[in-house]
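Peer 1: First the structure, then my questions, so here it is.
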């Protein structure tokens, strides 16, 4: 395969990652949200493998496998178990309505492209055009954390942000050193466990996983 | 032969011993109090000796300690000025430590005596360290140790919220002052050369441009003014002094305020040295305001210790008048007059330490006996506490500036500085000098009125209080402490020529001018500043005169038996005289409230309960009076309001909602990305 085709594949995968990010923004059901997150992880994993092939950086295959096992299999499984155990049947509650959130998301994508324009001109990597997508994914993850009330959706937003950062790392510099990636993967896993434990405590204390309940923890002024 | 600086360093170290006693014999309270305060008294006495020798010997001794920050060792220096202040601090600490044996021993069983002993000793040692310090670092360390120790002493009875509030106000003011002093040292250190730029020696060598000298002076002056209680920084004094134990109030009011005076003199005359005339004018004006306002506020009080606290403001004002005049005369190159004014200020510093210490000790004895701070609940104590009332009277006469006691001498010297001053080349000064003299006279008169009220209401008349529990005379150690202080007041009053001859070297060192204090064969008897033709005062002769008049009066009254007869008080036929019909503190000061009422925030209410609907025959009446400090509303309330308002506004950022916090970070990221 020539490089041109691989660049096309890379761009296509970036588009898919962005698409799943938007799909997550618009999704109302928690189970589907977890599935979408798994899909995003899958695209990320394939993209990492492709980049590893293009740049002949073989450690990227390992991180691709890591991504596959953690973000596509393990974390969705943990989240799924959480949703089942905590009996979360309701739809995702949002603070801002979904069309507005989508519009803000589009604005963020445009902003990201505008922001990375100078980088794209200077860089010589074939993956340079995907940097904007990576930044947009990070911001959309943060946007998801802001606009959702439910604690589980917030952790998914957080993990989506992490996906975006990982994507940025592979596209901007052909991946971080393997040690760093291993550490980050472990961190994400541990974070997921800690969040899981906290959710159980929060749901038993407040009878709800809506983070708005935590406002009552504030001291009165 | 041990040198004065070694002696004083030794005494500072000796203050650790009482703290060790607390650890070793902390369980035996009685023994602990006796032992620790005896050691404190002895250590103070060593300092007194060091101070006397340092001033008498003249010359400068310097020591660099091997402790301090890495490469920034502590510097000590004992010259005449610091020797004088060490003498004053040591002398009062000696008296107060003797007094404390009885005072602390008589405190209730539940009181934290160990804590009192620990911080009492740290406090005194820190005051000596302030006087000894010869670099900005050590000075500030000592200064802050002094502030912290006295904070814990003010907090002695921390169970009551008003005490905690008072201590908090004190701490805030002390910190504002310390920050200003720190900044001032920073400015001055900026003009020094060499590696050891933080030492006072380096600052003495430095040449300051006028602009920066002014900045340094103003910062340090206001920093020290916050500690000294110069109006408008006086608000902590009437709060902190009443709630501290009386021996601590005596030390705080008597000598801790004086360390600020020391700082002002050290920085102005010793480090900056050359200054324009308006600096002195500012000090003079603030001193006059403090003196007059302090005594007026004091007149309005009926809480004994609060009243004494306001008198400290007044006396700090009088000291500052002397220093301000000295600065003005220095600027106009009148060294002899400057020396006169400086010596007047320093003499008043020493006198105020003695008589204010005495008065606070007396107030402590009264408090001990009556458990009451409100003067309107006392009366007739002269019958129960003859010794205490005699000593208190000595303090009253001294502070009212009446001969033969010490207050008279220093205020007289200050007057001489006003009256002997030649005509100044600046019109403002021509106006200010006579006005200042008039205001000082007013202050003296009002102080005398105030102490007529204090003595009359507390010790004379009949008991006004509700519960009439047995009032007993103070114990031997309290009486010993007060009698020694009274003796010091008398000696300083009748032998001023000797004392001034001893401390004249300070003005010689700082201003290169001596006071001509003696003339003729009987030099020690006559105090003649500047010129014997114009003014002179002889303490011994005045004392002899007063004693003679008293003796003759006594003889005339008592020599013939039956010339004095005791009869009931004439009650105008009313037949229902009660103790409430006496003059009390509020009624005595009523004329002053009418005349100077505009200076206070007064709320006065009279409520009459009418009998059968007519006000002319009230069943009972209720009188309510509240006199407040206007400065609180003018200066402090707005500042507090602004701070609270800003905190509220900032507090609105804290919602407790995770989403809002996330939005903060989101917006921050977006803005930073867009801008950078």
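Protein chains in written order, with our numbering: chain P, 24 to 244; chain F, 27 to 702.
All residues carry an ideal CB built from backbone N, CA and C; glycine is no exception.
Keep in mind that this is a model prediction, so the values were computed, not measured.
Which residues in chain P sit within 7 angstroms of residue 689 of chain F, going by Cβ to Cβ distance?
Peer 2: Neighbours of residue 689 of chain F on chain P, chain order: 169.
Peer 1: Does the region 142-149 of chain F come close enough to the region 59-68 of chain F that 3 or more CB-CB pairs lie under 8 angstroms?
Peer 2: Enough Cβ pairs lie closer than 8 angstroms, so yes.
Peer 1: In chain order, what residues of the region 664-694 of chain F put their CB closer than 8 angstroms to some CB of chain P?
Peer 2: Residues passing the 8 angstroms Cβ filter: 674, 677, 680, 681, 682, 683, 684, 685, 688, 689, 691 and 692.
Peer 1: Among F:251, F:55, F:326 and F:330, whose alpha-carbon lies nearest the alpha-carbon of residue 627 of chain F?
Peer 2: Residue 627 of chain F has its Cα closest to that of F:326, out of F:251, F:55, F:326 and F:330.
Peer 1: Check whether chain P comes within 7 angstroms of residue 699 of chain F, counting only Cβ atoms and requiring the distance to be less than that.
Peer 2: With 7 angstroms as the cut-off, residue 699 of chain F counts as an interface residue toward chain P.
Peer 1: Please list, in chain order, the chain F residues whose beta carbon lies closer than 7 angstroms to that of residue 138 of chain P.
Peer 2: The contacting residues are 699.
Peer 1: Could you check which residue in P:71, P:35, P:47 and P:51 has the C-alpha nearest to that of residue 61 of chain P?
Peer 2: Comparing Cα positions, the closest option is P:47.
Peer 1: Report the option in F:591, F:646 and F:536 whose CA atom is closest to the CA atom of residue 296 of chain F.
Peer 2: Among F:591, F:646 and F:536, the Cα nearest to that of residue 296 of chain F is on F:536.
Peer 1: Using a threshold of 7 angstroms, state whether the C-beta atoms of residue 180 of chain P and residue 168 of chain P are closer than that.
Peer 2: Yes, they are a contact pair.
Peer 1: Leaving aside the five residues before and after residue 118 of chain P along the sequence, list all residues of the same chain whose C-beta is less than 7 angstroms from its C-beta, in chain order.
Peer 2: Excluding residues within five positions, the ones whose Cβ falls inside 7 angstroms are 170 and 172.
Peer 1: Distance cutoff 7 angstroms, beta carbons only. Does residue 702 of chain F sit that close to anything in chain P?
Peer 2: Chain P contact via Cβ: absent.
Peer 1: Indicate whether at least one CB of chain F lies closer than 7 angstroms to the CB of residue 165 of chain P.
Peer 2: It does: the Cβ of residue 165 of chain P has a partner Cβ on chain F nearer than 7 angstroms.
Peer 1: Are the Cβ atoms of residue 402 of chain F and residue 610 of chain F separated by less than 7 angstroms?
Peer 2: Yes. Within cutoff.
Peer 1: Among the candidates F:307, F:264, F:304 and F:253, whose CA atom is the shortest distance from the CA of residue 288 of chain F?
Peer 2: The shortest Cα separation from residue 288 of chain F among F:307, F:264, F:304 and F:253 belongs to F:253.
Peer 1: Residue 118 of chain P versus chain F: which residues are under 7 angstroms apart at the beta carbon?
Peer 2: Within 7 angstroms Cβ-Cβ: 685.
Peer 1: Under three-state DSSP, which class holds residue 135 of chain F?
Peer 2: Note: residue 135 of chain F maps to coil in three-state DSSP.
Peer 1: How about the region 147-160 of chain F and the region 197-213 of chain F: do they share at least three Cβ pairs that are nearer than 8 angstroms?
Peer 2: The region 147-160 of chain F, when compared against the region 197-213 of chain F, does not touch it at the 8 angstroms Cβ threshold.
Peer 1: Going by the beta-carbon positions, is the gap between residue 347 of chain F and residue 313 of chain F smaller than 7 angstroms?
Peer 2: Yes.
Peer 1: Mapping the DSSP letters down to three states, classify residue 168 of chain F as helix, strand or coil.
Peer 2: Here residue 168 of chain F sits in helix by DSSP.
Peer 1: When you compare only the Cα positions, how much space is there between residue 544 of chain F and residue 513 of chain F?
Peer 2: Note on residue 544 of chain F: pLDDT 48, under 50, position unreliable in the model; no value is reported.
Peer 1: Got a sec? Which residues, its chain only, sit under 7 angstroms from residue 417 of chain F by beta carbon, not counting five neighbours each side?
Peer 2: These residues qualify, in order along the chain: 384, 388, 508, 509 and 512.
Peer 1: Of all the options F:89, F:138 and F:369, which has the alpha carbon lying nearest to the alpha carbon of residue 539 of chain F?
Peer 2: When each option's Cα is compared against that of residue 539 of chain F, the closest is F:369.
Peer 1: Could you tell me how far apart the beta carbons of residue 110 of chain F and residue 529 of chain F are, in whole angstroms, since I believe they sit closer than 8 angstroms?
Peer 2: Rounded, the Cβ-Cβ distance is 6 angstroms, consistent with contact.
Peer 1: Within 10 angstroms of its Cβ, does residue 50 of chain P collect 16 or more other Cβ (buried), or is it exposed?
Peer 2: By the 10 Å Cβ count, residue 50 of chain P comes out buried.
Peer 1: Measuring alpha carbon to alpha carbon, tell me which residue in F:265, F:395 and F:31 is nearest residue 198 of chain F.
Peer 2: Nearest option by C-alpha distance: F:265.
Peer 1: CB-CB under 7 angstroms to residue 133 of chain F, same chain, minus the five flanking residues each way: which ones, in chain order?
Peer 2: Only 139 meet the Cβ criterion.
Peer 1: Skipping 5 residues on each side, what residues in its chain have a beta carbon closer than 7 angstroms to that of residue 711 of chain F?
Peer 2: The question about residue 711 of chain F has no answer here: the residues shown for chain F are numbered 27 through 702.
Peer 1: On a CA-only basis, which of F:375, F:398 and F:693 is nearest residue 349 of chain F? Give me that one, please.
Peer 2: Nearest option by C-alpha distance: F:375.
Peer 1: Using the three-state DSSP reduction, which class does residue 428 of chain F fall into: helix, strand or coil?
Peer 2: Reduced to three states, the DSSP call for residue 428 of chain F is coil.
Peer 1: Less than 8 angstroms between the CB atoms is what I'm expecting for residue 404 of chain F and residue 396 of chain F, so what's the real figure, rounded?
Peer 2: Indeed, because the Cβ distance is near 6 angstroms, the residues count as touching under 8 angstroms.
Peer 1: Taking three-plus beta-carbon pairs below 8 angstroms as touching, is the region 118-134 of chain P in contact with the region 78-85 of chain P?
Peer 2: No, because fewer than three Cβ pairs between the region 118-134 of chain P and the region 78-85 of chain P fall closer than 8 angstroms, the two stretches do not touch.
Peer 1: Which one of P:93, P:52, P:45 and P:155 has the shortest CA to CA distance from residue 64 of chain P?
Peer 2: Nearest C-alpha to residue 64 of chain P: P:93.
Peer 1: For residue 102 of chain F, which residues from the same chain have a beta carbon less than 8 angstroms from its beta carbon, with the 5 sequence-adjacent residues on both sides left out?
Peer 2: So the qualifying residues of the chain are 31, 35, 88, 89, 90, 91, 158, 159, 160 and 164.
Peer 1: What number of angstroms, rounded off, separates the C-alpha of residue 170 of chain F from the C-alpha of residue 272 of chain F?
Peer 2: Taking the straight line from one Cα to the other gives about 22 angstroms.
Peer 1: In angstroms, rounded to a whole number, what distance separates the CA positions of residue 28 of chain P and residue 693 of chain F?
Peer 2: When rounded, the distance between both Cα atoms is 38 angstroms.
Peer 1: Cutting at 6 angstroms between CB atoms, please list the residues of its own chain near residue 320 of chain F, excluding the five before and the five after it.
Peer 2: So the list reads 336, 339, 340 and 343, once near-sequence residues are dropped.
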